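Input: a single structure, listed below in structure tokens.
Protein chains: 2
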Amino acid sequence: MGLIYPVILCGGSGTRLWPSSRKDKPKPFLPLIGERTLFEATLARTADRTRFAEPVIVAGAAHLGHVRAQAAGFAGSRIIVEPMAQNTAAAIGLAAARLPEDAVMLVCPSDHHIADVPAFTAAAAEAATLAAQGWLVALGITPTAPETGFGYIRRGERLGAGYTVEQFVEKPDFVTASGFLADGRYSWNGGIFVFRAGTYMEELAHHRPDIADPVREAVAQGADEGAIFHPEPSAFGRIAGQSVDYAVMEKTDRAAMVPVAMGWSDIGNWHALRDVRKGDGEGNRAAGRVELVDCRNVLAQSDGPRISAIGLQDIAIVVDGDEVLVTTMDGAQKVGKLSGAANQ
Amino acid sequence: MGLIYPVILCGGSGTRLWPSSRKDKPKPFLPLIGERTLFEATLARTADRTRFAEPVIVAGAAHLGHVRAQAAGFAGSRIIVEPMAQNTAAAIGLAAARLPEDAVMLVCPSDHHIADVPAFTAAAAEAATLAAQGWLVALGITPTAPETGFGYIRRGERLGAGYTVEQFVEKPDFVTASGFLADGRYSWNGGIFVFRAGTYMEELAHHRPDIADPVREAVAQGADEGAIFHPEPSAFGRIAGQSVDYAVMEKTDRAAMVPVAMGWSDIGNWHALRDVRKGDGEGNRAAGRVELVDCRNVLAQSDGPRISAIGLQDIAIVVDGDEVLVTTMDGAQKVGKLSGAANQ
Numbered sequence: 269m270g271l272i273y274p275v276i277l278c279g280g281s282g283t284r285l286w287p288s289s290r291k292d293k294p295k296p297f298l299p300l301i302g303e304r305t306l307f308e309a310t311l312a313r314t315a316d317r318t319r320f321a322e323p324v325i326v327a328g329a330a331h332l333g334h335v336r337a338q339a340a341g342f343a344g345s346r347i348i349v350e351p352m353a354q355n356t357a358a359a360i361g362l363a364a365a366r367l368p369e370d371a372v373m374l375v376c377p378s379d380h381h382i383a384d385v386p387a388f389t390a391a392a393a394e395a396a397t398l399a400a401q402g403w404l405v406a407l408g409i410t411p412t413a414p415e416t417g418f419g420y421i422r423r424g425e426r427l428g429a430g431y432t433v434e435q436f437v438e439k440p441d442f443v444t445a446s447g448f449l450a451d452g453r454y455s456w457n458g459g460i461f462v463f464r465a466g467t468y469m470e471e472l473a474h475h476r477p478d479i480a481d482p483v484r485e486a487v488a489q490g491a492d493e494g495a496i497f498h499p500e501p502s503a504f505g506r507i508a509g510q511s512v513d514y515a516v517m518e519k520t521d522r523a524a525m526v527p528v529a530m531g532w533s534d535i536g537n538w539h540a541l542r543d544v545r546k547g548d549g550e551g552n553r554a555a556g557r558v559e560l561v562d563c564r565n566v567l568a569q570s571d572g573p574r575i576s577a578i579g580l581q582d583i584a585i586v587v588d589g590d591e592v593l594v595t596t597m598d599g600a601q602k603v604g605k606l607s608g609a610a611n612q
Numbered sequence: 269m270g271l272i273y274p275v276i277l278c279g280g281s282g283t284r285l286w287p288s289s290r291k292d293k294p295k296p297f298l299p300l301i302g303e304r305t306l307f308e309a310t311l312a313r314t315a316d317r318t319r320f321a322e323p324v325i326v327a328g329a330a331h332l333g334h335v336r337a338q339a340a341g342f343a344g345s346r347i348i349v350e351p352m353a354q355n356t357a358a359a360i361g362l363a364a365a366r367l368p369e370d371a372v373m374l375v376c377p378s379d380h381h382i383a384d385v386p387a388f389t390a391a392a393a394e395a396a397t398l399a400a401q402g403w404l405v406a407l408g409i410t411p412t413a414p415e416t417g418f419g420y421i422r423r424g425e426r427l428g429a430g431y432t433v434e435q436f437v438e439k440p441d442f443v444t445a446s447g448f449l450a451d452g453r454y455s456w457n458g459g460i461f462v463f464r465a466g467t468y469m470e471e472l473a474h475h476r477p478d479i480a481d482p483v484r485e486a487v488a489q490g491a492d493e494g495a496i497f498h499p500e501p502s503a504f505g506r507i508a509g510q511s512v513d514y515a516v517m518e519k520t521d522r523a524a525m526v527p528v529a530m531g532w533s534d535i536g537n538w539h540a541l542r543d544v545r546k547g548d549g550e551g552n553r554a555a556g557r558v559e560l561v562d563c564r565n566v567l568a569q570s571d572g573p574r575i576s577a578i579g580l581q582d583i584a585i586v587v588d589g590d591e592v593l594v595t596t597m598d599g600a601q602k603v604g605k606l607s608g609a610a611n612q
């Protein structure tokens, strides 16, 4: 088994963890859990060079400064600058078209949290074995709650350490999600994929030649600038972007999955971030100048002003720059629709 | 019936409505309800010069700037600067000792809200009639809830438009307060008093000569500076300060009360302020840059940064300078004990 090639996707609009996450410095580049940013933690998870090759990072030009600064500690990182956002099928294509056909890619979002890194590494290795055989493998996160915000994967037959995929399922309603949990055959689709670069490009060319061809052209006509690669913009601009899930994974008959329980969170909102952070005796998570009186399970963080709170339960208070957000945990999913978050 | 002399007391520590109210600019000098500050509204209530004489304002040196600026619109206002805070018995004494003995004083805190000014004016006039006969009259606020944060007045026999006072009662517990409400003979003691200057000084001299004598001495040896009077500090400094309630009202056998329902609030905390302000259709009170989503009965005010809130009910959010306060309505009574409020 050769080295696995990490491909780190740095998309993300930065609205759901507003006001900390902003358009010009979105979620991956913030130290939301501990000292490291989510992007740095993603790089660190694949830093063992006996298992993983140097990472390929796909990012937009707007975030290149953050990417370069934060990837500086990971020698050999290569960066592909998307000329414009074209969703994940094309972004992954840029990396795949640059890698050797036999390279096994591990595609990772850069803004997720994984508590159990050994479980992640083990699952990636199992998926890589299947990928080397020509499968397009999704890591299937063992669900811990009837979440309605994720897509699900229904597994089929046993296949090595994993399973074939019987079906990718759209975000379900609560009752359906509860049924999935009880059923036991469903996993969350966490957007982590493992496949040969050549297999991916074949499948992309088969199902979405209108994406595969411009991707190849943009790569062929692109320009290197040290460790940074600039795909040719006009070819890439012709693409009608789509997610890798829709464009490839749901269409291919070579989809497989490897189940894994690894303390995963997409930190999709302040509620999820509260749950990932370690609380004190009252379940409070405070960062910055914070005084909490009679509070329980409160997330309070400030980049400057002091927060004083009394009597709250299951509330998030976030002070960042000239924005003050106060939301219930249930309300956290609506943060992206606030004027401040939407009109950045 | 001659003119009534308003005596406006500008004490107050500024902790309970922190962080808006601060030591150097406490509650009376803030526009908490509408455009006018509470102090300005207090002056405006006694601005009819066919009923009221020019006001006498008693204030500390620290707040003289606010007092002069905000009293500028009320011609003829006179200011007595307390050399140091010595509580209300002495503060009122300074005004009483400066006024003619027959002057009927209307002593008003400067940080209360009165919705029904005609009711206030009528009660003051009735109290003045009793005061002219030698009574020390408290306005007794008709209670609307079993408040445990106020002292109560139990009325005795009919006396003109009012009653004799049978007893001043300390802040009761909730069960006792509920009993008071059911009883019907109890009023809140709102700290508004009407008496002849001479009567007050006689009673003060009788019950607390250790306050009355230094007050007279401080006034006799004080210095005029235009409309401002500076009592002599060393005499005033000898006083062991006490409230007018303890020092005089509870001790005298000439105490009377006039009941009045006038939409009174001492705006003792953010909960009380929320209730006094007019809400929108959802009961929210927003001031400054505020966006509220799925919120009910929320008070949100900011002096700059934007507040965005989701899903809250009966919560106060106050942003002032570099302080952010978030409290339940129940928790509002603990604001004064927060580090920020206590250590100004």
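First to last, the sequence lines map onto chains L and F. Numbering follows my numbering, in which position 34 of the first sequence is assigned residue number 302; successive positions increment by one, without gaps. Numbering follows my numbering, in which position 310 of the second sequence is assigned residue number 578; successive positions increment by one, without gaps. Note that the Cβ used here is the ideal one computed from N, Cα and C, for glycine as well. This one's a predicted model, so the numbers in the text were calculated from it and none came from an experiment.
By a C-beta neighbour count over all protein chains shown, 10 Å radius and 16 as the cutoff for buried, is residue i buried or exposed?
{"i": "K605 of chain F", "result": "exposed"}
{"i": "G279 of chain F", "result": "buried"}
{"i": "M352 of chain L", "result": "exposed"}
{"i": "H381 of chain L", "result": "buried"}
{"i": "F442 of chain L", "result": "exposed"}
{"i": "P573 of chain F", "result": "buried"}
{"i": "K546 of chain L", "result": "exposed"}
{"i": "S607 of chain L", "result": "exposed"}
{"i": "R317 of chain L", "result": "exposed"}
{"i": "A440 of chain L", "result": "Sequence check: residue 440 of chain L is Pro here, not Ala. Under this definition P440 of chain L is a buried residue."}
{"i": "T412 of chain L", "result": "exposed"}
{"i": "P368 of chain L", "result": "exposed"}
{"i": "E438 of chain F", "result": "exposed"}
{"i": "D451 of chain F", "result": "exposed"}
8 Å is my cut-off, CB to CB: does residue i come that close to chain L?
{"i": "R564 of chain F", "result": "no"}
{"i": "V587 of chain F", "result": "yes"}
{"i": "A555 of chain F", "result": "no"}
{"i": "R574 of chain F", "result": "yes"}
{"i": "I348 of chain F", "result": "no"}
{"i": "G608 of chain F", "result": "yes"}
{"i": "G536 of chain F", "result": "no"}
{"i": "K602 of chain F", "result": "yes"}
{"i": "G328 of chain F", "result": "no"}
{"i": "G424 of chain F", "result": "no"}
{"i": "D478 of chain F", "result": "no"}
{"i": "L285 of chain F", "result": "no"}
{"i": "E485 of chain F", "result": "no"}
{"i": "R492 of chain F", "result": "The sequence given here has Asp at residue 492 of chain F, not Arg. Output row for D492 of chain F: interface = no."}
State yes or no: is the beta carbon of residue i nearer than 8 Å to at least one beta carbon in chain F?
{"i": "R542 of chain L", "result": "no"}
{"i": "K291 of chain L", "result": "no"}
{"i": "K546 of chain L", "result": "no"}
{"i": "A577 of chain L", "result": "yes"}
{"i": "K295 of chain L", "result": "no"}
{"i": "D451 of chain L", "result": "no"}
{"i": "T389 of chain L", "result": "no"}
{"i": "D379 of chain L", "result": "no"}
{"i": "E471 of chain L", "result": "no"}
Can you give me the Cβ contacts of residue i inside the same chain, cut-off strictly under 7 Å, excluding the 5 residues immediately before and after it?
{"i": "G490 of chain L", "result": "F497, H498, P499 and E500"}
{"i": "Y431 of chain L", "result": "R423, G424, E425, A524 and M525"}
{"i": "D562 of chain L", "result": "I578 and G579"}
Leaving aside the five residues before and after residue i along the sequence, list all residues of the same chain whose C-beta is less than 8 Å from its C-beta, in chain order.
{"i": "V603 of chain L", "result": "T283, R284, L285, W286, N537, W538, L593, T595 and A609"}
{"i": "A357 of chain F", "result": "L472, R476, I479, G509, Q510, S511, V512, Y514, A515 and V516"}
{"i": "Y468 of chain L", "result": "I360, G361, A364, M373, L404 and V516"}
Which residues in the same chain as residue i place their Cβ atom closer than 6 Å to its Cβ, once the five residues preceding and following it in sequence are excluded?
{"i": "A486 of chain F", "result": "P499, E500, A503 and F504"}
{"i": "D571 of chain L", "result": "D588"}
{"i": "M530 of chain F", "result": "I382, D384, A387 and F388"}
field: Inter-stretch contact (C-beta, 8 Å, three-pair minimum) for the region 374–382 of chain L and the region 273–289 of chain L
entry: yes
task: Give a yes or no on contact between the region 357–365 of chain F and the region 436–446 of chain F, applying the rule of three or more CB pairs nearer than 8 Å.
output: No, the region 357–365 of chain F does not touch the region 436–446 of chain F.
- prompt: At a cut of 8 Å, does the region 328–340 of chain L reach the region 407–421 of chain L through at least three beta carbon pairs?
  reply: Taking a cut-off of 8 Å for Cβ pairs, the region 328–340 of chain L and the region 407–421 of chain L do not touch, as fewer than three such pairs fall below it.
message: Taking 8 Å as the cut-off, does the region 450–458 of chain L touch the region 411–430 of chain L (at least 3 CB pairs, one atom from each stretch)?
response: A contact between stretches requires three or more CB pairs, one per stretch, nearer than 8 Å, and the region 411–430 of chain L meets this requirement with the region 450–458 of chain L.
message: Using a Cβ-Cβ cutoff of 7 Å, what residues of the region 397–418 of chain F are near chain L? List them in chain order.
response: none
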